[in-house]
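Enquirer: This structure is in structure tokens; I'll ask about it shortly.
Residue numbers (the numbering used here): 60 to 120.
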């Protein structure tokens with residue numbers, strides 16, 4: 060493999076990575092996805108209000 064081939068592959072991988080990154084950011088910030096992400100953001104706060112007791116020092120392994 061010559062250096063020209065290696066540089067071509069590096070360029071292809073760089074451009075592909077940039078396109079995938081921009082696509083992922085666009086998908087994440089799309090307005091039609093906002094309700095799904097808002098619901099997922101609230102998942103940690105949904106559930107029982109009973110606090111989980113911390114383990115006693117003698118119970119830790």
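Note that the Cβ used here is the ideal one computed from N, Cα and C, for glycine as well.
Quick check on the DSSP output: the alpha helix (DSSP H) that includes residue 94 runs from which residue to which?
Expert: 93 to 100
Enquirer: In three-state terms, what does DSSP make of residue 90?
Expert: helix
Enquirer: Using the C-alpha atoms, what's the distance from residue 69 back to residue 61?
Expert: 13 Å
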